[in-house]
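By our numbering, the letter at position 267 of the sequence shown is numbered 267, and the numbering carries on one by one without gaps.
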Amino acid sequence: MENQYFTSGEIPVKNRAFLAGDAVKVSFFVRDAKLIMDEECYFFLMASMRKMRMNIPLTYTLEFFQSLFQKEIINQKGIQNGIINFQVFRNNDGITLSKSSISYFYDVTETDDVLAVNKRPLELDLIKEINVNNNLLSNIRVHSPENIYGEIYAQENDLDDVILLNPNKRIARTTSGNLLFLEGNVIKVPKQTEGAYISPLMENFVTFLHKNNLADIQEHEIIAFESQKAEEILMISEEKGIFSVGKIRNKTFEVSRFLEWVESWKESF
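In structure tokens form, the structure reads like this:
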């Protein structure tokens, strides 16, 4: 099925998303015709808009988004499972940027199950020509030329994605999501101060693992070489879903324990 697109109204060419990349994006998730993790995703959207100094409408309540998606996505389109990539952008109509109005655009990608690990493991590699920042805005999904460069690099080198480093040459994330590295009973996750994305989807998963004593979750500063020491690697992308990593350069990885944990996590919903 082709993606379904929705907007808050006619989008003028003179909007700042088009002209300046002045937008933030957050994903919402539909599973079995119901929104899941909607509160966490909503608060992440509000936090992202505040960081970008956007003029948040009083109508942007949790109930507004619940009603919007229930009506347009679930009821009208009949989508049972999917990822809603919701983008808010600033218009060019205010006396100052912080006073400008905002509009939204979102598309929906249908999936079998947003919480399932995709069947085909990914092949990744590290990219060293560029790096990503590790400041306040690095953790939210805003316009990122590094992501575009990395995506093209991956396509040209027959890769599924690339691992991006921060200025300190430590692992930040991939172009589309966060990485979790399993060694023994420890899951190492790059710190947000390293340039990793804030991810309600990942936070829900690792919270489940912690509460059920399934693994020891540790935030780390991870040097590039440590990716080769992991036994299993999982990539969680708000935009695309959940993927196992099968290969980085000449090293291959298992996926059995992460698959088992994700299955248990799915059953908790």
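Built from N, CA and C at the ideal position, the CB exists for glycine as well.
Notebook entry, point to check: Just the Cα atoms here: how many angstroms apart are F225 and I83?
Noted result: Indexing the sequence shown from 1 puts residue 225 at position 225. Indexing the sequence shown from 1 puts residue 83 at position 83. Approximately 33 Å, taken between the alpha carbons.
Next item on the list: Kindly list the residues whose CB is nearer than 6 Å to the CB of K240, restricted to its own chain and excluding five residues on each side of it in sequence; keep chain order.
Entry: Along the sequence shown, one-based indexing puts residue 240 at 240. If we look at K240 and ignore the five residues flanking it on each side, its Cβ neighbours are S176.
Notebook entry, point to check: Is K99 helix, strand or coil by DSSP?
Noted result: If you number the sequence shown from 1, residue 99 lands on position 99. Note: K99 maps to helix in three-state DSSP.
Checklist line | DSSP three-state assignment for N250, whether helix, strand or coil | finding: Position 250 of the sequence shown holds residue 250. Coil.
Notebook entry, point to check: Which class does M235 belong to by DSSP, given the choice of helix, strand or coil?
Noted result: In the sequence shown, residue 235 corresponds to position 235, counting from 1. Strand at M235.
Next item on the list: Please look up how many angstroms separate the CB atoms of E194 and R170, rounded, as I've assumed it's under 8 Å.
Entry: Walking along the sequence shown from the start, residue 194 turns up at place 194. Walking along the sequence shown from the start, residue 170 turns up at place 170. Their Cβ separation, rounded to whole angstroms, is 6 Å, which keeps E194 and R170 in contact under 8 Å.
Next item on the list: Using only alpha-carbon positions, find the residue among S268, I187, G9 and D125 that is nearest to F258.
Entry: The residue you call residue 258 lines up with position 258 of the sequence shown. Nearest of S268, I187, G9 and D125 to F258, Cα basis: I187.
Item checked: Cα-Cα separation, A154 to L164 -> For this step, residue 154 is matched to residue 154 along the sequence shown. For this step, residue 164 is matched to residue 164 along the sequence shown. Going by the C-alpha atoms only, they are around 12 Å apart.
Next item on the list: Write down every uninterrupted run of the alpha helix (DSSP H) in the stretch 68 to 127 whose length is 4 residues or greater and which is fully enclosed by it, in chain order.
Entry: none
Margin query: Can you give me the C-alpha to C-alpha distance between E267 and V255, rounded to a whole angstrom?
Written below: Translated into positions along the sequence shown, residue 267 becomes position 267. Translated into positions along the sequence shown, residue 255 becomes position 255. Answer to the nearest angstrom: the Cα atoms are 19 Å apart.
Item checked: Integer-rounded CB distance, given that F253 should sit under 8 Å from I233 -> Residue numbering aside, residue 233 sits at position 233 when the sequence shown is read from its first letter. Residue numbering aside, residue 253 sits at position 253 when the sequence shown is read from its first letter. Right, their Cβ atoms sit about 5 Å apart.
Check: Would you report the Cα separation of A116 and I148, rounded to the nearest angstrom?
Finding: For the purposes of this step, residue 116 is taken as the residue at position 116 of the sequence shown. For the purposes of this step, residue 148 is taken as the residue at position 148 of the sequence shown. Distance between the alpha carbons of A116 and I148 is about 26 Å.
Notebook entry, point to check: Is there contact between the stretch 39 to 57 and the stretch 76 to 90, where contact requires at least three CB pairs shorter than 8 Å?
Noted result: Three or more pairs of CB atoms, one per stretch, sit closer than 8 Å, so the stretch 39 to 57 contacts the stretch 76 to 90.
Check: With a Cβ-Cβ cutoff of 9 Å, do V108 and V24 count as a contact?
Finding: Within the sequence shown, numbered from 1, the residue matching residue 108 stands at position 108. Within the sequence shown, numbered from 1, the residue matching residue 24 stands at position 24. The answer is no: Cβ separation not under 9 Å.
Margin query: Helix, strand or coil for L209? Go by DSSP, reduced to three states.
Written below: For this step, residue 209 is matched to residue 209 along the sequence shown. Note: L209 maps to helix in three-state DSSP.
Notebook entry, point to check: When burial is assigned at 16 or more other CB atoms within 10 Å of the CB, is N75 buried or exposed?
Noted result: By 1-based counting over the sequence shown, the position of residue 75 is 75. Taking all protein chains shown into account, N75 has fewer than 16 neighbouring C-beta atoms within 10 Å of its C-beta and is therefore exposed.
Checklist line | Unbroken alpha helix (DSSP H) run spanning P190, endpoints | finding: Numbered from its first residue, the sequence shown carries residue 190 at position 190. From DSSP, P190 is part of no alpha helix (DSSP H) but of the beta strand (DSSP E) over V186 to P190.
Check: If you draw a straight line from the alpha carbon of P200 to that of E129, how long is it in whole angstroms?
Finding: As a working mapping, residue 200 is identified with position 200 in the sequence shown. As a working mapping, residue 129 is identified with position 129 in the sequence shown. So the two alpha carbons sit approximately 29 Å from each other.
Check: Looking at P190 and A272, is the spacing between their C-beta atoms short of 9 Å?
Finding: With the chain covering only 1 through 269, there is no way to say anything about residue 272.
Item checked: Coarse secondary structure for V262, derived from DSSP in three states -> Locating residue 262 in the sequence shown gives position 262, counting from the first residue. Residue state, collapsed to three classes: helix.
Margin query: Suppose you measure from the CA of A20 to the CA of E39; what does that come to, to the nearest Å?
Written below: Position 20 of the sequence shown, counted from the start, is the residue given in the question as residue 20. Position 39 of the sequence shown, counted from the start, is the residue given in the question as residue 39. The straight-line gap from Cα to Cα measures roughly 29 Å.
Check: What is the rounded straight-line gap between the Cα of N168 and the Cα of E72?
Finding: Counting from one through the sequence shown, the residue named residue 168 turns up at place 168. Counting from one through the sequence shown, the residue named residue 72 turns up at place 72. About 44 Å.
Next item on the list: Have a look at I102 and F18 and give me their C-alpha separation to the nearest angstrom.
Entry: Reading the sequence shown from its first residue, position 102 is the one you call residue 102. Reading the sequence shown from its first residue, position 18 is the one you call residue 18. When rounded, the distance between both Cα atoms is 13 Å.
Next item on the list: Tell me, please, which residues DSSP counts as bridged to F29.
Entry: Indexing the sequence shown from 1 puts residue 29 at position 29. Partner(s): I36 and I83.
Next item on the list: Check N15 in the structure and name its three-state DSSP category.
Entry: By one-based count along the sequence shown, residue 15 stands at place 15. In the structure shown, N15 sits in a strand (DSSP, three-state: E or B).
Margin query: Using CA atoms only, rank isn't needed, just tell me which of I248, F243, V262 and K251 is closest to R120.
Written below: Taking the sequence shown and counting its residues from 1, the one referred to as residue 120 is at position 120. Ranking the options by Cα distance to R120, first place goes to F243.
Next item on the list: Would you decide whether L182 is buried or exposed? Buried here means 16 or more other CB atoms lie within 10 Å of its CB.
Entry: The sequence position of residue 182 within the sequence shown is 182, counting from 1. Buried.
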